[in-house]
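The numbers in the numbering used here rise by one with no breaks, and the one at position 32 of the sequence shown is 32.
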Amino acid sequence: MAALQVQLHSTGPIALDAQFDCQPGELLALLGPSGSGKTSLLRAVAGLLPRTGLQGTVRLGESTWFDSAQGICLAPQQRRVGLVFQSYALFPHMTAIENIAVCARPTGGKGQKDHETLAYVQGLMERLGLDGLAHRLPAQLSGGQQQRVALARALVRLRTAPGAQAEQGVLLLDEPFSAVDAPTRQTLYRELAELRRHVSTPMVLVTHDLMEARRLADRVVVVDGGTSLQMGTPAKVFGQPRNARVAQLVGIQNLFSGRFYKAGDSWGHLHWVPAGQGAGVVGSDAAAASVTTDSKAPGAAHGAALLLHTPDKGRIDDGAQVRWVVAGEAMELHPWQANAAVPVTDPHANVLECVLEEVLALGETSLCTLRPMGVGTERLTLTQSTVQLRTLGVPVGGRVLLHMAPQGIHIMPVRS
Numbered sequence: 001m002a003a004l005q006v007q008l009h010s011t012g013p014i015a016l017d018a019q020f021d022c023q024p025g026e027l028l029a030l031l032g033p034s035g036s037g038k039t040s041l042l043r044a045v046a047g048l049l050p051r052t053g054l055q056g057t058v059r060l061g062e063s064t065w066f067d068s069a070q071g072i073c074l075a076p077q078q079r080r081v082g083l084v085f086q087s088y089a090l091f092p093h094m095t096a097i098e099n100i101a102v103c104a105r106p107t108g109g110k111g112q113k114d115h116e117t118l119a120y121v122q123g124l125m126e127r128l129g130l131d132g133l134a135h136r137l138p139a140q141l142s143g144g145q146q147q148r149v150a151l152a153r154a155l156v157r158l159r160t161a162p163g164a165q166a167e168q169g170v171l172l173l174d175e176p177f178s179a180v181d182a183p184t185r186q187t188l189y190r191e192l193a194e195l196r197r198h199v200s201t202p203m204v205l206v207t208h209d210l211m212e213a214r215r216l217a218d219r220v221v222v223v224d225g226g227t228s229l230q231m232g233t234p235a236k237v238f239g240q241p242r243n244a245r246v247a248q249l250v251g252i253q254n255l256f257s258g259r260f261y262k263a264g265d266s267w268g269h270l271h272w273v274p275a276g277q278g279a280g281v282v283g284s285d286a287a288a289a290s291v292t293t294d295s296k297a298p299g300a301a302h303g304a305a306l307l308l309h310t311p312d313k314g315r316i317d318d319g320a321q322v323r324w325v326v327a328g329e330a331m332e333l334h335p336w337q338a339n340a341a342v343p344v345t346d347p348h349a350n351v352l353e354c355v356l357e358e359v360l361a362l363g364e365t366s367l368c369t370l371r372p373m374g375v376g377t378e379r380l381t382l383t384q385s386t387v388q389l390r391t392l393g394v395p396v397g398g399r400v401l402l403h404m405a406p407q408g409i410h411i412m413p414v415r416s
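So, in structure tokens, the structure goes:
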């Protein structure tokens, strides 16, 4: 099987500046808000985007589909692409099996009596839970069933020839789950995961759903304004965004400003600067700053900044202005008692005294809003087990201790 490699740039009506690859058997998600250029990139891969002003390359293994420098631009029908449209785009006058088999006919006409192809189509329908629905029209199918028909049609398009042992080409999915209800969507997620066990083609999924990308994708490409901002595993992109814009696009709420100072021994001091209070501690003041774990100082304030320990990975200059995020799983709530010792065993632990400002119950979990002491109007949010929160016994407006793991803090330099 061959990998898909895309490098595209356009200054035309639709601005693009993106590069990504998708390996055989991999599901790559193009993630971004509406109007970010995700579908335009998908259409460019399929050969459906006007080539005016389009530059770059689209390759599948050794096959070149588009190369602006060499004047190569294969027509859509020359590219082995299976495309599932957001609206499914089924032919309303054709039955389910006819909609699927139409892609197996070289001319798209009727009368192609290929028993091997028919057997393949029937087997595919059975695999996707469409057996018994072969002779129904699209109007007689549910949304989930229509989606399965569209997916089966795309897979037939990838089949190189009767007798092929596997689908070959690229499967493109343009928000295929957005038009179905939540229970059906969950079923389709499971079916797609099962399908991937049998199909080794590269798959590119367009989505604006953060949870969908995290659940389904092997890797994610964050797209904004037609530009690919970051590519990596969901854990990498969601946990270590490249910059503040990526953090915003992947839905990170705990995004703050500060300054970073090296402290030696692979550790640094992060000065959490409240919004609107300048760039933070500078100069010789930084040398005296440190995070305190004294029993009466669960978090240390210095000037206009709260001080936090964080690992120094060698990527950030000393004294650099930064944006930073903290992962929800890196934070834990503990009871607060006046004049009581803070239960800290790690000398680099960050323990902050906070006010529990709001609790939004969401069934088994609750969304908590915290106001750390010493950073003005800044707020932290985290999801907590409703049972654990009840056990904690802190009312809204009460004080808690927030343990913030240093390894869960991710720092990003501010580019001028």
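Glycine included, each C-beta is placed from N, C-alpha and C at the ideal position.
As the structure is a computational prediction, the values presented were derived from the model and not from experiment.
_Leu-8 - DSSP class collapsed to helix/strand/coil_ = Leu-8 falls in the strand class under three-state DSSP.
*Taking three-plus beta-carbon pairs below 8 Å as touching, is the stretch 169-187 in contact with the stretch 76-92?*
Counting Cβ pairs under 8 Å, three or more are found: they touch.
*Once you ignore the five residues that flank Ile-14 on each side, which residues in its own chain have a CB closer than 8 Å to its CB?*
Beyond the five residues adjoining it in sequence on each side, Ile-14 comes within less than 8 Å, by CB distance, of Gly-37, Ser-40, Leu-49 and Gly-226 in the same chain, given in chain order.
*Counting along the chain, where does the beta strand (DSSP E) carrying Asn-350 start and finish?*
Counting along the chain, the unbroken beta strand (DSSP E) around Asn-350 starts and ends at 350-362.
*In whole angstroms, what is the alpha-carbon distance linking Gly-268 and Gln-23?*
Separation of Gly-268 and Gln-23 (C-alpha to C-alpha, rounded to the nearest whole angstrom) is 38 Å.
_Sub-8 Å separation of Leu-367 and Thr-386 beta-carbons_ = Against a cut-off of 8 Å, the Cβ pair of Thr-386 and Leu-367 comes out as no contact.
*Endpoints, beta strand (DSSP E) assigned at Lys-236*: Segment 234-239 is the alpha helix (DSSP H) holding Lys-236; no beta strand (DSSP E) there.
*For Ala-400 versus Leu-360, is the C-beta distance shorter than 8 Å?*
In the sequence as displayed, the identity of residue 400 is Val instead of Ala. Going by C-beta atoms, Val-400 is not nearer than 8 Å to Leu-360.
_Among Thr-207, Glu-194 and Arg-157, the one whose alpha carbon lies nearest that of Pro-176_ = Looking at Thr-207, Glu-194 and Arg-157, the one whose alpha-carbon comes closest to that of Pro-176 is Thr-207.
*Would you call the CB atoms of Val-273 and Val-414 closer than 8 Å?*
Not in contact: Val-273 and Val-414 (Cβ atoms no closer than 8 Å).
*asked:* For the structure I just gave you, are there three or more beta carbon pairs, one from the stretch 133-151 and one from the stretch 88-107, closer than 8 Å?
replied: With the cut-off at 8 Å, the stretch 133-151 and the stretch 88-107 touch.
_Span separating the alpha-carbon of Leu-28 from that of Gly-363_ = CA-CA distance, Leu-28 to Gly-363, rounds to 32 Å.
*Quick one: grab the DSSP three-state call for Leu-402.*
Strand at Leu-402.
*CA-CA distance, Gln-7 and Arg-59?*
Cα-Cα distance, rounded: 9 Å.
*asked:* Rounding to the nearest angstrom, what Cα-Cα distance links Ala-235 and Leu-151 in this structure?
replied: Computed Cα separation, rounded: 28 Å.
*Skipping 5 residues on each side, what residues in its chain have a beta carbon closer than 8 Å to that of Ile-316?*
Phe-260, Gly-268, Val-322, Ile-411 and Pro-413.
_Spatial neighbours of Glu-26 within its chain, please: C-beta separation below 8 Å, excluding the five flanking residues on both sides._
Cβ within range, chain order: Pro-202, Met-203, Asp-218 and Arg-219.
*DSSP beta-bridge partners for Leu-171?*
Paired residue(s): Gly-82 and Met-203.
*Should Ser-228 go down as buried or exposed, given a rule of 16 or more other Cβ atoms within 10 Å for buried?*
Buried, because 16 or more other Cβ atoms sit within 10 Å of the Cβ of Ser-228.
*Evaluate Met-373 with the Cβ neighbour count: other Cβ atoms within 10 Å of its Cβ, from every protein chain shown; 16 or more gives buried, anything less gives exposed.*
Of the residues assessed, Met-373 falls on the exposed side of the cut-off, its CB having fewer than 16 other CB atoms within 10 angstroms.
*asked:* Does Met-94 come out as helix, strand or coil in the three-state DSSP assignment?
replied: In the three-state reduction of the DSSP assignment, Met-94 falls in the coil class.
*Please confirm if Leu-173 has its CB atom under 8 Å from at least one CB of chain C.*
Looking at the structure shown, chain C is missing, and only one protein chain is on hand.
*Just the Cα atoms here: how many angstroms apart are Gly-408 and Ala-69?*
C-alpha separation (whole angstroms): 45 Å.
*asked:* One question on the structure: do Val-375 and Leu-306 come within less than 8 Å of each other, judged by their Cβ atoms?
replied: With respect to Leu-306, Val-375 sits close: the two C-beta atoms are nearer than 8 Å.
_Enclosing beta strand (DSSP E) for Leu-54 [first to last residue]_ = Unbroken beta strand (DSSP E) run through Leu-54: 54-60.
*So is Thr-377 buried or exposed if we call it buried at 16+ other beta carbons inside 10 Å?*
Exposed, because fewer than 16 other Cβ atoms sit within 10 Å of the Cβ of Thr-377.
_Contact set for Glu-329: own chain, Cβ-Cβ below 8 Å, skip 5 residues either direction_ = These residues qualify, in order along the chain: Gly-408.
_Am I right that Leu-133 and Ala-101 are in contact with their C-beta atoms under 8 Å? What's the rounded C-beta distance?_
Leu-133 to Ala-101, Cβ: 14 Å. No contact.
*Between the Cα of Gly-406 and those of Leu-31, Arg-197, Val-326 and Thr-187, spot the shortest distance and give me the residue it belongs to.*
It should be pointed out that residue 406 corresponds to Pro in this sequence rather than to Gly. Residue Val-326 is the option with its Cα nearest to Pro-406.
*Measure the CB-CB distance between Leu-30 and Val-221 and report whether it falls below 8 Å.*
Yes, they are a contact pair.
*Can you give the Cα-Cα distance for Gln-55 and Gly-398, rounded to whole angstroms?*
Their backbone Cα atoms lie some 58 Å apart in a straight line.
*For the alpha helix (DSSP H) holding Thr-39, just list the boundary residues, first then last.*
Boundaries of the alpha helix (DSSP H) around Thr-39: 38-46.
*Where does Thr-187 sit, in a helix, a strand or coil, going by DSSP?*
Helix.
*Proximity winner among Arg-153, Gly-143, Asp-265 and His-198, relative to Ala-178 (alpha-carbon distances)*: Contrary to the premise, residue 178 reads as Ser rather than Ala in this sequence. Nearest option by C-alpha distance: Gly-143.
*Between which two residues does the alpha helix (DSSP H) containing Tyr-120 stretch?*
Where Tyr-120 is concerned, the enclosing alpha helix (DSSP H) stretches over 115-127.
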